[in-house]
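Remarks on the structure that follows.
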Amino acid sequence: MKLLLTLLLMAVLIALAPYGSASAGLSEGRAAYARGDYSTAISEFTALAEAGNAYAQRMLGAMYRQGQGVAKNAEHALYWTQKAVKQGDGGAQFNLANMYETGDLVAKNFPLAAKLYQLAARADIPLAQYRLGVFFLEGLGGTRDRVRAFVWFSRAAVNERAGGLAAHAAKARDKIGQRLSETEMARGAQLLQRMLAQSAGVSRKPAKQSTGTGFIVSADGYILTNNHVVAGCKEVHIKPLVVPVVATDAKRDLALLKVGANFKRFATFRDGAIRKGESVVVAGFPLHGVLASDLKITTGTVSGLAGPGNNATLLQLSAPIQKGNSGGPLLDLSGHVIGVVVSKLDALKMARATGDIPQNVNFAIKGDVAHAFLAEHDVAVVTAQSTADLPPADVAERAQLYTALIECWK
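Each residue of the sequence shown is one higher than the last, beginning at 90 in the working numbering.
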């Protein structure tokens, strides 16, 4: 299965566009290859390869290996692939690594394959990152290290160029994550952050643009927040990790993130109806960078069971919220989730319309709406009836164990 996945994605990797501008001949060669005119592609790539173009050398090596437009020729395939490897071409590094892993054209050599996969993975080739995860997991290169396997699967899972491979990488990452200790997870987080910081130098580094709040909803490490908190983000950070967005729903303004697995502390959803007048607690990270960085708590009541325009998916609450609270949990006095904080009424707009400035008119997505969204994505949550009447300080202590600051980087 693993080898089949590699071979299925080989065609995508072979045709991977080079960085930077392309000459007319290179463009013509790529176009010819894409339409299956391999004879023309060979002609264009040969001239460019002989002139030292690494991408053309990689393509020639791959075509001689596959017998595309020419008879299969192991000597030519190796010659051109190795020429491109010496120039640091990540795709060629992957191709040569694959040869040494599978024993195609060369004798199998797992340690050498591992070294080449390392080079290709650091060149941001997603399939190399995935294969490197497999190598560390199974000890194929001589080193068995499940933390490094977790890191490389994580890197492939969030690689923008991974396409359908991302889901396979995420599944492998989560399976390993369930077996990692807290110490191992911390080590993995440090390695991944270092790796991402190094790879960010290839292009313009994203910068933090906005913040919001999210909260862990299952032992599998799923985090719930608002869609508008993560929409348009190049990267989503929950320190010290860069985390993938696995599902979004713009209409309900909900989003699902994934930070690993095997969490002991996560939110419990309320099993039971909500009544007007109930006391509530809002947990979040408002005005981050202006206020202190710890979790902030505000209290109030449920003042309405619908939002603007009688929107039945929302609750109205009197608890104060600020920019940055979005995506945080709305809790009852048993510490159970009854909603997801989403917005505050636009005071200036209302003042123009009514001549009065509204005070503490804020909204949250109802807990059953959030629960339905999670169920649609196979996230099982814990529910319980609310019978306790805890002090808000106790509710806050529980909330800080599973509530997280979310950073949007663009």
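Think of the CB as a built atom: it goes at the ideal place given N, C-alpha and C, for glycine as much as any other residue.
field: Inter-residue Cα distance where the pair is GLN207 and ALA217
entry: Position 118 of the sequence shown holds residue 207. Position 128 of the sequence shown holds residue 217. Cα to Cα, the separation comes out at about 7 angstroms.
field: Between the CA atoms of GLN176 and ALA186 - distance to the nearest angstrom
entry: The count along the sequence shown starts at 1 and reaches residue 186 at position 97. The count along the sequence shown starts at 1 and reaches residue 176 at position 87. Roughly 15 angstroms between the two C-alpha positions.
task: Work out the CA separation of ALA256 and ASP445 for me, nearest whole Å.
output: Start at 1 with the first residue of the sequence shown, and residue 445 comes out as number 356. Start at 1 with the first residue of the sequence shown, and residue 256 comes out as number 167. Only weak support exists for where ASP445 lies, its pLDDT of 43 falling under 50; the value from the coordinates is given anyway. Whole-angstrom Cα-Cα distance: 51 angstroms.
message: According to DSSP, simplified to helix, strand and coil, what is THR129?
response: The residue you call residue 129 lines up with position 40 of the sequence shown. DSSP places THR129 in helix when its eight states are reduced to three.
task: Excluding the 5 residues preceding and the 5 following ALA469 in the sequence, name in chain order all residues of the same chain whose CB lies nearer than 7 angstroms to its CB.
output: Taking the sequence shown and counting its residues from 1, one reaches residue 469 at position 380. Answer for ALA469: SER307, listed in chain order.
- request: Excluding the 5 residues preceding and the 5 following GLN405 in the sequence, name in chain order all residues of the same chain whose CB lies nearer than 8 angstroms to its CB.
  value: Translated into the one-based positions of the sequence shown, residue 405 becomes position 316. Only VAL391, SER392, GLY393, LEU394, ALA395, GLY396, VAL450, ASN451, PHE452 meet the Cβ criterion.
- prompt: Which value, in whole angstroms, describes the spacing of the CA atoms of GLY180 and TRP241?
  reply: Here the question's residue 180 lines up with position 91 in the sequence shown. Here the question's residue 241 lines up with position 152 in the sequence shown. In a straight line, the C-alpha of GLY180 is about 17 angstroms away from that of TRP241.
Among GLY230, TYR491, LEU403, ASN162, nearest to LYS365 - alpha-carbon criterion: Your numbering for residue 365 matches position 276 in the sequence shown. Nearest of GLY230, TYR491, LEU403, ASN162 to LYS365, Cα basis: LEU403.
- request: Assign LYS455 to buried or exposed, taking buried as 16 or more other Cβ atoms, counted over all protein chains shown, within 10 Å of its Cβ.
  value: Taking the sequence shown and counting its residues from 1, the one referred to as residue 455 is at position 366. The residue is buried, with at least 16 neighbouring Cβ atoms inside 10 Å.
task: Could you pull out every unbroken alpha helix (DSSP H) segment of at least 4 residues lying fully inside the segment 222-252, listed in chain order?
output: 235-246
- prompt: What's the call for ARG293, buried or exposed, on a 16-neighbour Cβ count within 10 Å?
  reply: Looking up residue 293 in the sequence shown gives position 204. Legend: pLDDT at ARG293 = 49, less than 50; position of this residue unreliable, value from coordinates given subsequently. Looking at its Cβ environment, which holds fewer than 16 other Cβ atoms inside 10 Å, ARG293 is exposed.
Which residues DSSP lists as bridging LEU194, in chain order: Walking along the sequence shown from the start, residue 194 turns up at place 105. Note: LEU194 sits in no beta bridge, so no partner.
query: Hey, would you say the C-beta of GLY366 is under 7 angstroms away from at least one heavy atom of the ligand PLP?
result: The model on display carries no ligand, and the ligand PLP is accordingly not part of it.
Distance between beta carbons of ALA143 and ASP178, contact taken as under 8 angstroms: Here residue 178 refers to the residue found at position 89 when the sequence shown is read from its first residue. Here residue 143 refers to the residue found at position 54 when the sequence shown is read from its first residue. Yes, they are in contact, since the Cβ atoms of ASP178 and ALA143 sit about 4 angstroms apart, within 8 angstroms.
- prompt: Could you give the distance in angstroms between the alpha-carbon of SER270 and the alpha-carbon of ASN162?
  reply: Here residue 270 corresponds to residue number 181 of the sequence shown, with the count starting at 1. Here residue 162 corresponds to residue number 73 of the sequence shown, with the count starting at 1. The straight-line gap from Cα to Cα measures roughly 49 angstroms.
query: So, is GLU465 buried or exposed, given that buried needs 16 or more other C-beta atoms within 10 angstroms?
result: As a position in the sequence shown, residue 465 is number 376, starting the count at 1. Classification of GLU465: exposed, given that the 10 Å Cβ count is below 16.
query: Straight-line CA distance for ARG262 to ASN351?
result: Residue mapping note: residue 262 aligns to position 173 of the sequence shown, counting from 1. Residue mapping note: residue 351 aligns to position 262 of the sequence shown, counting from 1. So the two alpha carbons sit approximately 12 angstroms from each other.
field: Backbone CA spacing between ALA339 and ALA138 [nearest angstrom]
entry: Taking the first residue of the sequence shown as position 1, residue 339 is located at position 250. Taking the first residue of the sequence shown as position 1, residue 138 is located at position 49. Approximately 48 angstroms between the Cα atoms of the pair.
query: Between ALA278 and LEU330, is the Cβ-Cβ spacing less than 8 angstroms?
result: For the purposes of this step, residue 278 is identified with residue 189 of the sequence shown, where counting begins at 1. For the purposes of this step, residue 330 is identified with residue 241 of the sequence shown, where counting begins at 1. Cβ atoms of ALA278 and LEU330: closer than 8 angstroms.
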